[in-house]
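Engineer:
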Amino acid sequence: MFTEINRDEFYKVADSLKRFKRAEIKDDQERSLIETLYTDLLPENQVYKMIFSDNTTFIVGRKGTGKSTIILRLESEYRKKDDYLPCYIDTKTVFESTKSEYHNLDYLKGRIPNEALEKYLIERSFIQRILKSIVKELDIKADSLLSKIANMIGLSKTNKVKQGVSNLYKKVENNEQLKSIELPVINEYVNSISGTDESENSSSSQQSGGMNVGLDSKGSNVGAKGTSSTSTSDKSKQIESWEKKFSGALLKVFQIKDIIDEVKEVLSILKIKKLVIFLDDFSEVDEVTIKNFVDVVLAPLNNWGDEFICFKVAAYPNRIHFGDIDKGKIDIIDLDFYNLYSNYDKNTMESLSLDFTKRLVSTRVKYFSTKSIDDFFDVTSSVTLDDYMELLFKASMNVPRIIGYILFYCHQTHISIGRKITTIAIDSAAQKYYEKVISSFFEVTSHSLLSFDEKVSELQQRELLSIFVGRLKQIRKQITTGELSGIVYQSEKTNPFTSHFNFSPNLEQFIRTLELNFFVSKYAEMSDRDGKKVSIYCLNYGLTLLENMRWGKPTGNDYRKYFIARPFGFDVIFEAFLRESKHILCINPECKKSYPYDQLQFLEFNKMRCVECQSQVQVKAISDGIKSELEKIDKAKLLPSLELGILHELNSFNGKMYARDLSEELDISSHLIAKRAERLDKYKGLIDRDRSEQLIKYSISKKAIEGYFNDRQ
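Residue 715 is where the sequence shown ends in our numbering, and the numbering goes up by one at each step.
1) Any idea which residues DSSP pairs residue 623 with across the strands?
2) How is residue 399 classed by DSSP in three states: helix, strand or coil?
3) Roughly how many angstroms separate the alpha carbons of residue 416 and residue 148, rounded to a whole number?
4) Quick test of the definition: if touching needs 3 or more C-beta pairs under 8 angstroms, does the segment 627-647 touch the segment 437-454?
5) Check this for me: beta carbons of residue 252 and residue 189, under 8 angstroms apart or not?
6) Taking the C-alpha atoms as reference points, what is the distance between residue 109 and residue 690?
7) Hey, which unbroken runs of the alpha helix (DSSP H) at 4 residues or more fall wholly within the segment 144-204?
8) Can you grab the Cα-Cα spacing for the pair residue 309 / residue 172, in whole Å?
9) Around the C-beta of residue 492, are 16 or more other C-beta atoms found within 10 angstroms, so that it is buried, or is it exposed?
10) Looking at C-alpha atoms only, which residue of 20, 5, 12 is the closest neighbour of residue 406?
11) Hey, would you say residue 412 sits closer than 8 angstroms to residue 423, going by beta carbons?
12) Taking the beta strand (DSSP E) that residue 458 falls in, what are its first and last residues?
13) In terms of residues, what are the limits of the beta strand (DSSP E) holding residue 504?
14) Kindly list the residues whose CB is nearer than 8 angstroms to the CB of residue 447, restricted to its own chain and excluding five residues on each side of it in sequence; keep chain order.
15) Figure out for me which residue from 93, 574, 74, 178 has the closest Cα to the Cα of residue 107.
16) Measure from the alpha carbon of residue 547 to the alpha carbon of each residue in 122, 76, 672, 501, then state which is nearest.
17) Strictly by DSSP, which residues pair up with residue 618?
18) In chain order, which continuous runs of the beta strand (DSSP E) of length 3 or greater are located wholly inside the segment 38-100?
19) Taking its Cβ as the centre, do 16 or more other Cβ atoms sit within 10 Å of residue 650, making it buried, or is it exposed?
20) Where DSSP assigns a beta bridge to residue 523, which residues make up the other side?
21) Between which two residues does the alpha helix (DSSP H) carrying residue 271 extend?
22) Going by alpha carbons, who is nearest to residue 450 out of 464, 653, 644?
23) Could you give the distance in angstroms between the alpha-carbon of residue 250 and the alpha-carbon of residue 151?
24) Consult DSSP for residue 282 and reduce its assignment to one of helix, strand or coil.
25) What does DSSP give as the partner residues of residue 17 in its beta bridges?
26) Can you name the residues that DSSP bridges to residue 499?
27) Do residue 660 and residue 699 have their beta-carbon atoms positioned less than 8 angstroms apart in this structure?
28) Would DSSP call residue 376 helix, strand or coil?
29) What residue range does the alpha helix (DSSP H) around residue 443 cover?
30) Quick test of your reading: residue 40 and residue 5, contact by CB under 8 angstroms. State the CB separation rounded to the nearest angstrom.
31) So, under 8 angstroms CB-CB, residue 163 and residue 262 are touching, yes? Tell me the CB distance rounded to an integer number of Å.
32) Taking residue 315 as part of the beta strand (DSSP E), name the residues at either end of that continuous run.
33) Give me whichever residues DSSP pairs with residue 529 in a beta bridge.
34) For residue 102, does the count of other Cβ atoms within 10 angstroms reach 16, so buried, or fall short, so exposed?
35) By DSSP, does residue 597 sit in helix, in strand, or in coil?
36) Residue 721: buried (16+ other C-beta within 10 angstroms of its C-beta) or exposed?
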């Protein structure tokens, strides 16, 4: 039915959709196709128009929702304007590189506690690289413009621009020049922290044999009667004090206000009215680093830039820090299904999502193929093209990258052997995507270098998901056996819908990890039968297929309240889980007071301070099963998340891959992939590198398969 050309054309359709961020699609002449292929989530390019403004904008959405595509489209448009300077920064790649390549500064050793120094150096290097990226873009723009307008602005202004850019480079790049600023700043904080420690410990010394803990200009300074070392509690307080000072110290070190003034001066000479800084993959950076970066760079540049500077930031939901940015003066655009369409009524939400899916796939097919979209789907009198688009929506929740993967798998099983795509093919692809991509999250977490407590907390989400699935399967059984006999269940009694559930909105914070990684998705908000507002969530479509459950609800107006039927209310389930799996513990090892979880609101009111000793309290995860599981893992096998991702991708592919292919799958630069892969080969023996050709090919080693994947084969 399909020629080889037709099959190749459809492969390009799927491949173009599943690519990550900057894997820009180009034609045979290496020209960008972003303007041709860009498909807006709303009709008439409404999302693009909202973001294409002079305001700082946060583009918020889960992985694959199109944040990077929108940034690419915006950047393309801004580059056409001579009076705009766009600057693209891949914050994830910069941060990952920084973690392994930051420079030790000998003059800081002994001044900042070793446990805090590494974090400071990483954040310092990260901010330094971001600022250098901005200055580099300014330098490129200045060179291109000066060659055109040098005669118009005169030699003196030309030299002033070049000198201004050169000064900016020195200001952010030269560590020796920064040292003269940094040492006094750090010494200032040494004295302030020492003073705090001495004040806090003068009272405690009377109760503990006269211990006195502080910091002098050389580092730790401990004096005690009857003891020779700082207590764990005092040490943790010192580190906490230092980490709180990082943003203030870095703000002074890099003299952001002066940098802004110099950037503005260069821009004004070049007749550039706006510097637009794109921060892609912003939320992939550690949360503390995000906070300090916003406080040190983003907020000051945005607030002090006199409208010369604006940001376009691609971020994940619930992983945004605004700092001193006035939220009333910026735009926040949500791309996820519910957040984007929630302003519309239910019918309009569904029609808009269906319209987007159809436009997205049609646009790609129209460009890459000589056939129409109908030719690739098994359209019959009983299954229309709209039915297929609706099924793609259910399987993807409108996420373009997931649509791309599902079509990619459909190409493998059907198009590549001349068969049209059927509903069964899409179901099979959705299940495969869940098993291959989504469910691997918990496997990566188990072997990652996260702290033990962080792992337990993340893996508890797996337990919560299992509880959700178990309860929904129980409801399914109750409906089929007649135990639940309400009228609303009768039309589909033999194969009931049990994919959605509801709970109080204040509980949403406890499933953020599940939602961010597509195990569940927010679907709607409604008032339940008691008039209380509830959030409605759905399980991943592929997961429901795996568990032999039916996704959605019966059609017709009689079933509009199906999702808020009492059996689907999960508040009690949530509360029982939190009661059994979380407790609140004082971090002071000399106190360790434990609080039941139901006292969280009181403790939040008390600024999360222990009522006994006023130390910080933290929510801790409790799970003997997970702890036992983690304790069995060989500590030598623990790896950074990126390196685990490389191994998982190579294992799934079951063949040799180039760095560029891994780059597209893992959303990281091919240069960084190559460096990490080399390390995994040389020092761990987990990757085989085939260097028989000009470009290295990578494959997973037998050692890695036996060590990380044999238990699930």
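C-beta: ideal position from N, C-alpha, C; glycine also.
This structure is a prediction, so every number in the text was calculated from the model and none was measured.
Structural biologist: This is what the structure gives:
1) By one-based count along the sequence shown, residue 623 stands at place 621. BP columns for residue 623 point to 584.
2) To locate residue 399, count along the sequence shown from 1; it is residue 397. Three-state result, residue 399: coil.
3) In the sequence shown, the residue the question calls residue 416 occupies position 414. In the sequence shown, the residue the question calls residue 148 occupies position 146. Those two C-alpha atoms are separated by around 56 angstroms.
4) The answer is yes - the segment 437-454 touches the segment 627-647, with three or more Cβ pairs under 8 angstroms.
5) Against the sequence shown, residue 252 aligns to sequence position 250. Against the sequence shown, residue 189 aligns to sequence position 187. In this structure, residue 189 does not lie closer than 8 angstroms to residue 252 by Cβ.
6) Position 107 of the sequence shown holds residue 109. Position 688 of the sequence shown holds residue 690. Near 40 angstroms, if we compare the C-alpha coordinates of residue 690 and residue 109.
7) List check, alpha helix (DSSP H) in window: 157-175.
8) Locating residue 309 in the sequence shown gives position 307, where the first residue counts as 1. Locating residue 172 in the sequence shown gives position 170, where the first residue counts as 1. Looking at the two C-alpha atoms, the distance is approximately 25 angstroms.
9) Numbered from its first residue, the sequence shown carries residue 492 at position 490. Per the 10 Å Cβ criterion, exposed.
10) One-based indexing of the sequence shown puts residue 406 at position 404. Of the residues 20, 5, 12, the one whose Cα lies closest to the Cα of residue 406 is 20.
11) Residue 412 sits at position 410 when you count from the first residue of the sequence shown. Residue 423 sits at position 421 when you count from the first residue of the sequence shown. Yes, Cβ-Cβ distance for residue 412 and residue 423 is below 8 angstroms.
12) Numbered from 1 along the sequence shown, position 456 holds the residue referred to as residue 458. That residue, residue 458, is in no beta strand (DSSP E); its alpha helix (DSSP H) goes 454-483.
13) Within the sequence shown, residue 504 is the residue found at index 502, counting from 1. Residue 504 -> beta strand (DSSP E) spans 502-505.
14) Translated into the one-based positions of the sequence shown, residue 447 becomes position 445. Taking C-beta separations shorter than 8 angstroms and ignoring five residues to either side along the sequence, the partners of residue 447 in its chain run 457, 460, 461, following chain order.
15) In the sequence shown, the residue the question calls residue 107 occupies position 105. The shortest Cα separation from residue 107 among 93, 574, 74, 178 belongs to 178.
16) Within the sequence shown, the letter at position 545 stands for residue 547. Among 122, 76, 672, 501, the Cα nearest to that of residue 547 belongs to 501.
17) On the sequence shown, position 616 is the one that residue 618 refers to. Looking at the DSSP assignment, residue 618 forms a beta bridge with 611.
18) Counting whole runs of 3 or more residues, the segment 38-100 contains the beta strand (DSSP E) stretches 59-62, 86-92.
19) Within the sequence shown, residue 650 is the residue found at index 648, counting from 1. Buried: at least 16 other Cβ atoms inside 10 Å.
20) On the sequence shown, position 521 is the one that residue 523 refers to. The partner list for residue 523 (beta bridge, DSSP) reads 540.
21) By one-based count along the sequence shown, residue 271 stands at place 269. Per DSSP, residue 271 is one residue of the alpha helix (DSSP H) stretching across 258-271.
22) Here residue 450 refers to the residue found at position 448 when the sequence shown is read from its first residue. Residue 450 has its Cα closest to that of 644, out of 464, 653, 644.
23) Mapped onto the sequence shown, residue 250 falls at position 248. Mapped onto the sequence shown, residue 151 falls at position 149. Approximately 40 angstroms, taken between the alpha carbons.
24) Numbered from its first residue, the sequence shown carries residue 282 at position 280. If DSSP states are grouped into helix, strand and coil, residue 282 belongs with the strands.
25) On the sequence shown, position 15 is the one that residue 17 refers to. The secondary-structure analysis by DSSP pairs residue 17 with nothing; it has no beta-bridge partner.
26) Start at 1 with the first residue of the sequence shown, and residue 499 comes out as number 497. Residue 499 is bridged to 552.
27) As a first step, residue 699 is located in the sequence shown; it is residue number 697 there, counting from the start. As a first step, residue 660 is located in the sequence shown; it is residue number 658 there, counting from the start. Result yes, Cβ atoms of residue 699 and residue 660 sit closer than 8 angstroms.
28) Taking the first residue of the sequence shown as position 1, residue 376 is located at position 374. If DSSP states are grouped into helix, strand and coil, residue 376 belongs with the helices.
29) To locate residue 443, count along the sequence shown from 1; it is residue 441. Its alpha helix (DSSP H) spans residues 442-448.
30) For this step, residue 40 is matched to residue 38 along the sequence shown. For this step, residue 5 is matched to residue 3 along the sequence shown. Under the criterion of beta carbons closer than 8 angstroms, residue 40 and residue 5 do not qualify as touching, at roughly 29 angstroms.
31) For this step, residue 163 is matched to residue 161 along the sequence shown. For this step, residue 262 is matched to residue 260 along the sequence shown. Cβ-Cβ separation between residue 163 and residue 262: approximately 17 angstroms, too far for a contact (criterion under 8 angstroms).
32) Mapped onto the sequence shown, residue 315 falls at position 313. Unbroken beta strand (DSSP E) run through residue 315: 311-317.
33) The residue labelled residue 529 in the question sits at position 527 within the sequence shown. According to DSSP, which records beta bridges pairwise, residue 529 is partnered with 535.
34) Taking the sequence shown and counting its residues from 1, one reaches residue 102 at position 100. Exposed, because fewer than 16 other Cβ atoms sit within 10 Å of the Cβ of residue 102.
35) Counted from its first residue, the sequence shown places residue 597 at position 595. Looking at residue 597 - three-state DSSP - the assignment turns out to be strand.
36) Past the boundaries of the shown model lies residue 721; the chain is included only from 3 to 715, so the question cannot be answered.
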